[in-house]
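Enquirer:
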Amino acid sequence: MPDTDLLSLQIDHMGILQSRYEQVLEDHGYDGLLISSGAAPMRYGDDQSWHFQGYGPFLHWTGLAGFEHAWLLIRKGRKPLLSLYQPVDFWHASLELAQEPWLEEFELRFSESRSAPELSGVSQLAVIGDPSMLADLPGDENPGALRAALDETRVHKTAYEIACLAHANKLAMAGHHAARDAFLAGASEFEINLAYQRATQQREADAPYHSIIGVNEHAGTLHYQYYDTTPPTKSRSLLIDAGVRYRGYCSDITRTTAGVGEGRFAALVQGLEQLQFRLCKMVAPGVDYVDIHRKTHLGIAALLSATGLVSGLSDEEMVAEGVTRAFFPHGIGHFLGVQVHDVAGKPVPSPADAPFLRLMRTLEPGMVVTIEPGLYFIPSLLEPLLSGPLERHINRPLLDELQGCGGIRIEDNVVVTDSGCRNLTRESEG
Ligand code: GLY
Ligand code: MN
Ligand code: MN
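With the sequence shown counted from 1, adding 66 to any position gets you the numbering used here.
1) When the Cα of Thr390 is compared with those of Gly403, His400 and Ser371, which residue comes out closest?
2) Under three-state DSSP, which class holds Asn208?
3) Can you tell me whether Leu379 is helix, strand or coil according to DSSP?
4) Have a look at Phe331 and Gly98 and give me their C-alpha separation to the nearest angstrom.
5) Could you name the residues of the same chain whose beta carbon sits closer than 6 Å to that of Leu304, not counting the 5 residues immediately before and after it, in chain order?
6) Could you pull out every residue in the same chain whose Cβ sits closer than 8 Å to the Cβ of His242, ignoring the five residues on either side in sequence?
7) Looking only at its own chain, which residues have a Cβ that is under 6 Å from the Cβ of Thr224, when we skip the five neighbours before and after it?
8) State yes or no: is the C-beta of Asp408 nearer than 8 Å to some heavy atom of ligand 3?
9) From the DSSP secondary-structure annotation, give me the bridge partner or partners of Asp478.
10) In whole angstroms, give me the CA-to-CA distance for Ser254 and Arg264.
11) Is it the case that the CB of Thr320 approaches a heavy atom of ligand 3 more closely than 8 Å?
12) In whole angstroms, what separates the C-alpha of Gly95 from that of Pro197?
13) Assuming Leu338 contacts Leu369 under a Cβ cut-off of 8 Å, what Cβ separation, rounded to an integer in Å, is found between them?
14) Please name the residue or residues paired with Asp69 in a DSSP beta bridge.
15) Got a sec? Which residues, its chain only, sit under 7 Å from Arg141 by beta carbon, not counting five neighbours each side?
16) I want to check one thing, is the minimum distance from the CB of Glu495 to the heavy atoms of ligand 3 below 8 Å?
17) Among residues of its own chain, excluding the 5 on either side of Glu173, which ones have a beta-carbon nearer than 6 Å to its beta-carbon?
18) Helix, strand or coil for Ala248? Go by DSSP, reduced to three states.
19) Assuming Ser371 is part of the beta strand (DSSP E), what are its boundary residues?
20) Should the region 418–427 be called in touch with the region 342–353, which here means at least 3 C-beta pairs below 8 Å?
21) Does the Cβ of Trp127 have 16 or more other Cβ atoms within 10 Å, making it buried, or fewer, making it exposed?
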């Protein structure tokens, strides 16, 4: 069982959620909210289902990511009703529910039926969740304004949520260390993945997202999704982006390691890490997150100059001409919580100079964000540079040498505090 501090923080968390939800329901004219945990859909034309991970608002209350056909009813001034589906089934096991104090805060029921519980004492009901679960239910289904307001209740993390995110970081860092060691011993991507799973004691399907494990040029595919079973002839680089889910909460961490004898690539990794440290330190209340993204581009430009990859252009020119975008095409990060890309980050569309940025907000205490600069050698993005007028500024021999290392990303999970920030990943590094 987790320590008593965490369990008592969880009780506080429930109280905070109850008052946040009651306020949202009142603001939107409801006196009851029914949340479906969801259920794994079947694969088309098959009798097999996809692996299940529950709906965000259900996790926000319960942290239970694996419970299908469960329901949660929130009402003003009443204990939330939690109904868990527990059929008599000789094909499948039922998930064990640890007997922990937070369950006392719920009216808990076990049901052999997949149906929603009886909705007593509610006159204005909203129901939220996967629409395929909500057919034939009374109430307003997934009202947009209500859902947006509920998403907003997830933006400022409670002390309990931050403690869970911190622990998810600690668990994941053990996996990252094991993965690095396996890489340095010459392992294949597949074996590195096994080392990560063994160290984290987590099945990959239960992780917040599929681990991205790219050795050598595979490190240059941003969301590389395969595992090569053949060990590389030469282990030049490893990019691993992998997390852990703990009590519903996700870590999302990336580390890049240079292979033995890869001095120039190692220097670039070190340079990007120095930049990443500076960007993490920018996280503080009142800071516009888009500014951190823009500073990243200037930092990447400085690094391209310092390493001699690009010459004859100022940092500002490199950004304006799209040179940095070719090397760093994604956003600097996103909110993190019970979903790896947590909700409510985009009240406004992404700006033209940051089309893939997932967070456009001014930072406030309690927000948890990732800071994940990258620098990649992606042929399809570099080709227009190399065939255009800027070609003379690019150090092609160096680029050719580094291309086989794929790329670099370094990603930490950072909490905005009252006076600055707390880096959950670095404090877990040991
Ligand atoms: N692991 C996906 C991301 O970093 O956003
Ligand atoms: Mn990541
Ligand atoms: Mn991320």
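Ideal placement from N, C-alpha and C gives every residue a C-beta, glycine not left out.
Expert: Looking at the atomic coordinates:
1) Counting from 1 along the sequence shown, the entry for residue 390 is found at position 324. Closest by alpha carbon: Ser371.
2) Locating residue 208 in the sequence shown gives position 142, where the first residue counts as 1. Coil, per DSSP.
3) Here the question's residue 379 lines up with position 313 in the sequence shown. Three-state result, Leu379: coil.
4) Position 265 of the sequence shown, counting from 1, holds the residue named residue 331. Position 32 of the sequence shown, counting from 1, holds the residue named residue 98. Those two C-alpha atoms are separated by around 57 Å.
5) Here residue 304 refers to the residue found at position 238 of the sequence shown. Phe249, Val281 and Thr323.
6) For the purposes of this step, residue 242 is identified with residue 176 of the sequence shown, where counting begins at 1. Tyr262, Ile306, Ala308, Ile319 and Arg321, listed in sequence order.
7) Mapped onto the sequence shown, residue 224 falls at position 158. Excluding positions up to five away in sequence, the list reads His79 and Ile82.
8) By one-based count along the sequence shown, residue 408 stands at place 342. No; taking the cut-off as 8 Å, the Cβ of Asp408 has no heavy atom of ligand 3 nearer than that.
9) Taking the sequence shown and counting its residues from 1, one reaches residue 478 at position 412. Paired residue(s): Ile437.
10) On the sequence shown, residue 254 is found 188 positions in, with the first residue counted as 1. On the sequence shown, residue 264 is found 198 positions in, with the first residue counted as 1. If I take the Cα positions, the gap works out to 15 Å.
11) The residue you call residue 320 lines up with position 254 of the sequence shown. For ligand 3, at least one heavy atom lies less than 8 Å from the Cβ of Thr320.
12) Position 29 of the sequence shown holds residue 95. Position 131 of the sequence shown holds residue 197. Their Cα atoms are separated by approximately 21 Å.
13) Working through the sequence shown from its first residue, we reach residue 338 at position 272. Working through the sequence shown from its first residue, we reach residue 369 at position 303. Right, the Cβ-Cβ distance comes to about 6 Å (below 8 Å), so this counts as a contact.
14) Residue mapping note: residue 69 aligns to position 3 of the sequence shown, counting from 1. Its beta-bridge partners do not exist; DSSP assigns none.
15) For the purposes of this step, residue 141 is taken as residue 75 along the sequence shown, with counting starting at 1. Excluding residues within five positions, the ones whose Cβ falls inside 7 Å are Asp97, Gly98, Gly187 and Val188.
16) Here residue 495 is taken as the residue at index 429 of the sequence shown, counted from 1. Every heavy atom of ligand 3 is 8 Å or more from the Cβ of Glu495, so no.
17) On the sequence shown, residue 173 is found 107 positions in, with the first residue counted as 1. Cβ within range, chain order: Lys145 and Leu147.
18) Indexing the sequence shown from 1 puts residue 248 at position 182. Three-state DSSP puts Ala248 in a helix.
19) Taking the sequence shown and counting its residues from 1, the one referred to as residue 371 is at position 305. Taken as a continuous stretch (DSSP letters only), Ser371 belongs to no beta strand (DSSP E), being part of the alpha helix (DSSP H) at Tyr355 to Ala372.
20) no
21) Locating residue 127 in the sequence shown gives position 61, counting from the first residue. Buried is the call here.
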